[in-house]
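In my numbering, the protein residues as written are 1 to 99. Positions of the beta carbon are idealized from the N, C-alpha and C atoms, including for glycine. First the structure, in the form of C-alpha coordinates, and then the observations on it.
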Amino acid sequence: MTKQEAIKDLIQIPGVGKSLATDLWNIGITKVADLKGKDPELLYDLSNRFAGVVQDRCVLYVFRCAVYYANTSKEQHETEKLKWWNWKDKVLTTTRTSD
(Lines of atoms letter the chains of each structure in order from A and count residues from 1; the text may use other names and numbers.)
(Lines give C-alpha, C1' and ligand atoms only; values in the text may rest on other atoms or scores of the structure.)
Protein backbone atom coordinates (compact mmCIF):
# COMPACT_ATOMS: atom_id res chain seq x y z
CA MET A 1 0.00 0.00 0.00
CA THR A 2 1.35 3.41 -0.91
CA LYS A 3 1.47 6.27 1.57
CA GLN A 4 -1.26 8.10 -0.35
CA GLU A 5 -3.52 5.02 -0.29
CA ALA A 6 -2.92 4.65 3.44
CA ILE A 7 -3.75 8.28 4.12
CA LYS A 8 -6.92 7.99 2.04
CA ASP A 9 -8.00 4.98 4.13
CA LEU A 10 -7.06 6.50 7.49
CA ILE A 11 -8.78 9.85 7.00
CA GLN A 12 -12.16 8.12 7.06
CA ILE A 13 -11.66 7.92 10.84
CA PRO A 14 -13.40 10.83 12.58
CA GLY A 15 -10.85 13.39 13.76
CA VAL A 16 -8.06 12.04 11.55
CA GLY A 17 -6.88 14.40 8.85
CA LYS A 18 -3.87 14.21 6.58
CA SER A 19 -1.42 15.18 9.34
CA LEU A 20 -2.56 12.54 11.86
CA ALA A 21 -2.90 9.96 9.09
CA THR A 22 0.75 10.66 8.28
CA ASP A 23 1.63 10.25 11.98
CA LEU A 24 -0.07 6.85 11.94
CA TRP A 25 1.72 5.91 8.70
CA ASN A 26 5.04 6.84 10.34
CA ILE A 27 4.47 4.26 13.09
CA GLY A 28 3.37 1.47 10.76
CA ILE A 29 -0.41 1.93 10.72
CA THR A 30 -1.44 1.82 7.06
CA LYS A 31 -5.16 1.06 7.27
CA VAL A 32 -8.03 1.27 9.73
CA ALA A 33 -7.88 -2.49 10.37
CA ASP A 34 -4.30 -2.10 11.67
CA LEU A 35 -5.73 -0.24 14.68
CA LYS A 36 -7.84 -3.19 15.88
CA GLY A 37 -6.69 -4.30 19.32
CA LYS A 38 -4.00 -1.62 19.54
CA ASP A 39 -3.18 0.33 22.69
CA PRO A 40 -3.67 4.08 22.02
CA GLU A 41 -1.13 4.96 24.74
CA LEU A 42 1.51 2.82 23.02
CA LEU A 43 0.68 4.36 19.64
CA TYR A 44 1.06 7.82 21.19
CA ASP A 45 4.44 6.87 22.71
CA LEU A 46 5.63 5.47 19.36
CA SER A 47 4.48 8.60 17.57
CA ASN A 48 6.27 10.81 20.10
CA ARG A 49 9.48 8.83 19.65
CA PHE A 50 9.22 9.06 15.88
CA ALA A 51 8.58 12.82 16.07
CA GLY A 52 11.37 13.33 18.60
CA VAL A 53 9.08 15.42 20.81
CA VAL A 54 6.15 14.94 23.14
CA GLN A 55 3.16 15.85 21.02
CA ASP A 56 0.02 17.54 22.24
CA ARG A 57 -2.26 15.24 24.25
CA CYS A 58 -5.00 15.72 21.66
CA VAL A 59 -3.02 13.32 19.45
CA LEU A 60 -3.58 10.66 22.12
CA TYR A 61 -7.28 11.51 22.26
CA VAL A 62 -7.60 11.06 18.50
CA PHE A 63 -5.71 7.76 18.72
CA ARG A 64 -8.18 6.59 21.40
CA CYS A 65 -11.07 7.53 19.14
CA ALA A 66 -9.41 5.85 16.16
CA VAL A 67 -8.92 2.57 18.04
CA TYR A 68 -12.57 2.69 19.15
CA TYR A 69 -13.59 3.29 15.52
CA ALA A 70 -11.54 0.30 14.33
CA ASN A 71 -12.67 -2.04 17.12
CA THR A 72 -16.39 -1.30 16.79
CA SER A 73 -18.65 -2.20 13.89
CA LYS A 74 -20.17 0.77 12.08
CA GLU A 75 -23.64 -0.28 13.22
CA GLN A 76 -22.53 -0.06 16.86
CA HIS A 77 -20.62 3.25 16.67
CA GLU A 78 -21.89 5.67 19.29
CA THR A 79 -22.00 9.22 17.92
CA GLU A 80 -20.46 10.78 21.02
CA LYS A 81 -17.58 8.29 20.99
CA LEU A 82 -16.73 9.34 17.43
CA LYS A 83 -15.78 12.80 18.69
CA TRP A 84 -12.12 12.83 19.72
CA TRP A 85 -12.64 15.41 22.47
CA ASN A 86 -14.80 12.91 24.32
CA TRP A 87 -11.66 10.77 24.75
CA LYS A 88 -9.81 13.33 26.89
CA ASP A 89 -8.22 12.31 30.15
CA LYS A 90 -10.57 12.33 33.09
CA VAL A 91 -10.16 15.48 35.13
CA LEU A 92 -9.15 14.68 38.66
CA THR A 93 -10.66 16.90 41.28
CA THR A 94 -9.26 17.29 44.71
CA THR A 95 -10.97 18.66 47.74
CA ARG A 96 -9.02 20.89 50.04
CA THR A 97 -9.84 20.81 53.66
CA SER A 98 -8.98 23.63 55.97
CA ASP A 99 -6.84 22.80 58.96
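Using only alpha-carbon positions, find the residue among Ser19, Gln12, Leu46 that is nearest to valine 32.
If you compare the alpha carbons of Ser19, Gln12, Leu46 with that of valine 32, the shortest gap goes to Gln12.
With the cut-off set at 8 angstroms, would you say leucine 27 and leucine 10 are in Cβ contact?
The residue asked about is misnamed: residue 27 is isoleucine in this sequence, not leucine. Not closer than 8 angstroms, so no.
Taking buried to mean at least 16 other C-beta atoms within 10 Å of its own C-beta, is alanine 15 buried or exposed?
According to the sequence as given, residue 15 is glycine; it is not alanine. By the 10 Å Cβ count, glycine 15 comes out buried.
Continuous alpha helix (DSSP H) stretch holding glutamine 55: start and end
Neither: glutamine 55 is in no alpha helix (DSSP H) and is coded neither H nor E.
Tell me the rounded alpha-carbon separation between tryptophan 85 and leucine 60.
10 angstroms
From alanine 21 to tryptophan 87, what distance separates their C-alpha atoms?
Going from the Cα of alanine 21 to the Cα of tryptophan 87 covers about 18 angstroms.
Under 8 angstroms between C-beta atoms of alanine 6 and leucine 35:
no
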